[in-house]
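In this note's numbering, the protein residues as written are -5 to 291.
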């Protein structure tokens, strides 16, 4: 009897394994768990911080830019070394994985919601409204994304992370809206939808029970394909310092920017940048491999 594991090729299995490990590390690296600091004040820490007794925000001038597998001044082993302020690279990278995934998923959900509503409206209105709405979507898709997101984030970062996720999602809804429009135009003429209408079902009922369930799998697939681009966008924004959310202090872009900004000679202490880049690249490669394999089926 063949199982899913044996029926897939080895690149997909390897990608699933790597992605699963990274997601678990990121999940445990997120600061979800309530705790208290040395002064008894409430705070949230990650499982890795609780298990190791460390803190991703703890700085140590005597432990700056330690190489991987080095001993800190306190005698503990630093698996991935430290950054320019003596903070643990392992704890920061675990938190960065959590930040990247959460931001990308939130922004993808925003793009899915906007694209689904917009595409459905265009399909139902039809005629000139349909043409006008889809031309507007094409115009907005032609605008340079990086310029738009930098302007939006710079203007709206004071309103908190929800607005930032919405701004990122606003960049990638156009393709989803086109897919939704095409699917709705096809499904609304299916026999079971026509039968529901002949029995007196209203537009909302037909959309909810007959059209949208048929659209959902395709929309979720396209939404998942946005994740790598959104992870890269979040890394770029945090590298430029315009990410606009508190958790960006431990994002891939901020880690790389912090080290490169303080090093006068990068060749002497190259490992923090290399480790952060390799971690982000591994996440993107594994995610792309998994999504490409699933989309091909």
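Here a beta-carbon is modelled for each residue, glycine too, at the ideal position from N, C-alpha and C. Please read these numbers as outputs of a predicted model, since none were measured by experiment.
Element boundaries [alpha helix (DSSP H), containing residue i]
i           : result
residue 199 : 197 to 200
residue 40  : Unbroken run through residue 40: none, as it is neither H nor E.
residue 70  : No alpha helix (DSSP H) holds residue 70; DSSP gives it neither H nor E.
residue 228 : 221 to 234
residue 14  : 4 to 23
residue 124 : 121 to 136
residue 266 : 265 to 289
residue 49  : Element bounds for residue 49: n/a, residue is neither H nor E.
residue 183 : It is not in any alpha helix (DSSP H) - residue 183 carries neither H nor E in the DSSP assignment.
residue 150 : 139 to 150
heavy atom of the ligand GDP below 6 angstroms from residue i C-beta
i           : result
residue 120 : Looking at this structure, you won't find the ligand GDP or any other ligand, since it has none at all.
Distance, residue j Cα to residue i Cα
i           : j           : result
residue 7   : residue 122 : 48 angstroms
residue 75  : residue 170 : 42 angstroms
residue 12  : residue 19  : 11 angstroms
residue -5  : residue 2   : Any reading at residue -5 must be qualified, since the residue scores a pLDDT of 46, below 50, and its modelled position is unreliable; the value itself is stated next. Rounded to the nearest angstrom, the two C-alpha atoms are 14 angstroms apart.
residue 85  : residue 22  : 10 angstroms
residue 56  : residue 108 : 50 angstroms
residue 277 : residue 189 : 47 angstroms
residue 91  : residue 69  : 27 angstroms
residue 332 : residue 119 : The structure shown does not extend to residue 332, since the chain spans only -5 to 291, so no value can be given for it.
residue 209 : residue 180 : 10 angstroms
residue 200 : residue 207 : 10 angstroms
residue 52  : residue 157 : 29 angstroms
residue 264 : residue 144 : 28 angstroms
residue 138 : residue 230 : 14 angstroms
residue 184 : residue 192 : 12 angstroms
residue 66  : residue 48  : 12 angstroms
residue 251 : residue 24  : 21 angstroms
residue 77  : residue 211 : 43 angstroms
residue 136 : residue 129 : 11 angstroms
residue 5   : residue 234 : 34 angstroms
For residue i, the nearest candidate out of the options (CA to CA)
i           : options               : result
residue 131 : 113, 280 and 140      : 113
residue 15  : 108, 285, 288 and 273 : 273
residue 228 : 245, 212 and 216      : 245
residue 177 : 58, 126 and 204       : 204
residue 133 : 5, 149 and 166        : 166
residue 282 : 234, 225, 235 and 269 : 225
residue 81  : 54, 233, 70 and 10    : 54
residue 175 : 184, 143, 127 and 70  : 127
residue 284 : 222, 243, 264 and 232 : 222
residue 217 : 93, 10, 180 and 168   : 168
residue 89  : 157, 67, 129 and 243  : 243
residue 280 : 9, 4 and 5            : 9
Burial state of residue i (16 or more Cβ within 10 Å)
i           : result
residue 249 : buried
residue 275 : exposed
residue 116 : buried
residue 125 : exposed
residue 111 : exposed
residue 197 : exposed
residue 40  : buried
residue 61  : exposed
residue 232 : buried
residue 215 : exposed
residue 182 : buried
residue 50  : buried
Inter-residue CB distance, residue i and residue j (contact presumed, cutoff 8 angstroms)
i           : j           : result
residue 161 : residue 173 : Not a contact, Cβ separation roughly 22 angstroms.
residue 87  : residue 270 : 7 angstroms
residue 287 : residue 219 : No, residue 287 and residue 219 are not in contact; Cβ-Cβ is about 12 angstroms, not under 8 angstroms.
residue 236 : residue 253 : About 19 angstroms separates the two Cβ atoms, so there is no contact after all.
residue 294 : residue 163 : Not covered by the structure: residue 294. The range shown for the chain is -5 to 291.
residue 104 : residue 159 : 6 angstroms
residue 63  : residue 73  : 7 angstroms
residue 141 : residue 17  : Rounded, the Cβ-Cβ distance is 32 angstroms, inconsistent with contact.
7 angstroms Cβ cutoff, residue i in contact with chain E
i           : result
residue 206 : Within the model displayed, chain E is absent; a lone protein chain is all it includes.
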